[in-house]
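See below for the structure under consideration.
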Amino acid sequence: MHVVSIYNNKGGVGKSTLTVGVAEFLSSNRKKRVLVIDLDSQASSSCSLLGHREVAHAVQSHRSITKLADRLLRTRRSLAQPNDYITERPASMVKGTPLARIDVLVPDKPGILDIEERMHRTKDAGLFRDYLKPSLSAYDFVLVDLPSHVDQRHTLVVNGLVMSDFVLIPIEPNQISLNGLPDTFELIDYACDLNQEPVPKIVGMVLNKTDKRTQQYRTKLPQILEASSQKAMPPVFNNFLPDTPKLATSTDETIDFRTLKARFDTYYDNVRRVARELEQRCDGHTPEPPPKISFGTKIRDLLDRFSLGKTSRAKADVVDFEDALT
Ligand SMILES: Nc1ncnc2c1ncn2[C@@H]1O[C@H](COP(=O)(O)OP(=O)(O)OP(=O)(O)O)[C@@H](O)[C@H]1O
Ligand SMILES: [Mg+2]
């Protein structure tokens, strides 16, 4: 089993879109058993997979990650029956590659606020790691969709990171997105400190909303690749997601998608390749060690330096990168 948090502290970079895409491909295309834990009170990935009504029904029926956390907080014992809290997105019954079953732990907004007030910031940060993770061993992948704009006070979010083996970071190749990275690394470092070992590891950064025609793409991508090649940043996935309305539509809960092709349309292969690369990297390929606490400053220095001018090495990397993807 791999537990993977999808996290970037910057909002709107594609955490939930990536969570849904990877979950669908791992379950339908790779035949993996997948659980999505949605720790964002906006419930974006839950709604995409289950629809609003089903999410509301789950919350009313006390089937949520929040109720589960409440139970762990009270008992401090592993759950014998996590299924009591899980909602199933059943497999579809159609020809082609039908969408396979995905299990979901949905959030509930007031419950999150309430439970975070009752949790001790450090003592309860490992609640999911100690009492939830052991009961999830039947899953091949547990994907944790995290919210943005969070810090050490958000103990439920920290629990998601602390229970994770890996973190997958979606980024957009623009300066505003890069500015959010130091905060992202800082919270991951904090989770490593709580675990007293370098876990979760950053499995890589996935470029999302890439548009080769933009100036931002042409100037920022070399900087990102250069920083990554110098190990000042985590590795960049070889596969990426383009900026396209079709991927925005892929999470539209009002559309009754029944197959992978219907959900991802002409971008099927892009999402498939990202999901496959995640699987391969998690299955044994040496992901980079997590950055140190001081990493944020290092990136800023590095990026400042690069913004003075591109190196030929960085330009060469862009060519390789594009060749690999097209
Ligand atoms: N590759 C893409 N091309 C076009 N639109 C995209 C792409 N990826 C995501 N989007 C759109 O960008 C918006 C933000 O995406 P998403 O909700 O996945 O980001 P997020 O990081 O989960 O946001 P939040 O921080 O609010 O949780 C959504 O409207 C989504 O449809
Ligand atoms: Mg989201």
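So for the sequence shown, my numbering puts the first residue at 131; every next one is plus one.
Where is the CB? At the ideal position from N, CA and C, for every residue including glycine.
Assuming contact is defined by CB atoms lying nearer than 7 Å, are residue i and residue j in contact in what I supplied?
| i | j | result |
| --- | --- | --- |
| Val333 | Phe296 | yes |
| Ala173 | Val185 | yes |
| Gly226 | Thr396 | no |
| Thr205 | Arg251 | no |
| Arg219 | Leu179 | yes |
In angstroms, rounded to a whole number, what distance separates the CA positions of residue i and residue j?
| i | j | result |
| --- | --- | --- |
| Asp233 | Ile318 | 25 Å |
| Leu408 | His192 | 32 Å |
| Gly181 | Tyr347 | 34 Å |
| Ser359 | Arg403 | 21 Å |
| Glu154 | Thr384 | 17 Å |
| Pro228 | Phe367 | 27 Å |
| Asn325 | Lys253 | 11 Å |
| Cys177 | Ser278 | 17 Å |
| Leu308 | Met131 | 31 Å |
| Met249 | Leu203 | 8 Å |
| Glu302 | Phe370 | 10 Å |
| Leu266 | Val272 | 8 Å |
| Arg231 | Tyr261 | 24 Å |
| Arg435 | Glu356 | Residue confidence for Arg435 is low, a pLDDT of 46 falling below 50, so the modelled location carries little weight; the figure read from the coordinates is stated next. Approximately 11 Å, taken between the alpha carbons. |
| Ser175 | Val150 | 6 Å |
| Gly310 | Ser171 | 20 Å |
| Thr217 | His187 | 10 Å |
| Ser380 | Leu169 | 20 Å |
Closer than 8 Å by C-beta to residue i: which residues in its own chain qualify, once you throw out the five before and the five after it? Chain order, please.
| i | result |
| --- | --- |
| Ser306 | This sequence places Ile at residue 306; Ser is not what is there. For Ile306, where only same-chain residues beyond five positions count, the Cβ hits under 8 Å are Lys140. |
| Gln398 | The sequence given here has Tyr at residue 398, not Gln. The answer, listed in chain order, is Leu390 and Lys391. |
| Glu246 | Arg283, His284, Thr285 and Leu286 |
Can you name, in chain order, every residue of its own chain whose Cβ lies under 7 Å from the Cβ of residue i, other than the five neighbours on each side?
| i | result |
| --- | --- |
| Asp238 | Val189, Ser194 and Thr196 |
| Arg321 | Here residue 321 is Ala; the residue named in the question, Arg, does not match the sequence. The residues are Val288, Leu291, Val292 and Pro330. |
| Ala454 | Since pLDDT at Ala454 reaches only 42, below the 50 mark, its modelled position is unreliable, and the value read off the structure follows with that caveat. So the qualifying residues of the chain are Asn368. |
| Ala221 | Pro228, Leu229, Ala230 and Arg231 |
Mind pulling the beta strand (DSSP E) runs of 3 or more residues that sit fully within the region 165–234?
-> 217–219
Note to self: Does the structure place the region 283–294 close enough to the region 155–166 that three or more beta carbon pairs sit under 8 Å?
What the structure shows: no
- Count the CB pairs spanning the region 367–382 and the region 200–212 that are closer than 8 Å, and state whether there are at least three. no
message: Can you confirm whether the region 136–151 touches the region 254–271 when touching is taken to mean that 3 or more C-beta pairs between the two stretches lie within less than 8 Å?
response: no
Quiz item: Can you list, in chain order, the stretches of the alpha helix (DSSP H) that have 4 or more residues and sit fully within the region 269–319?
Solution: 285–292 and 305–309
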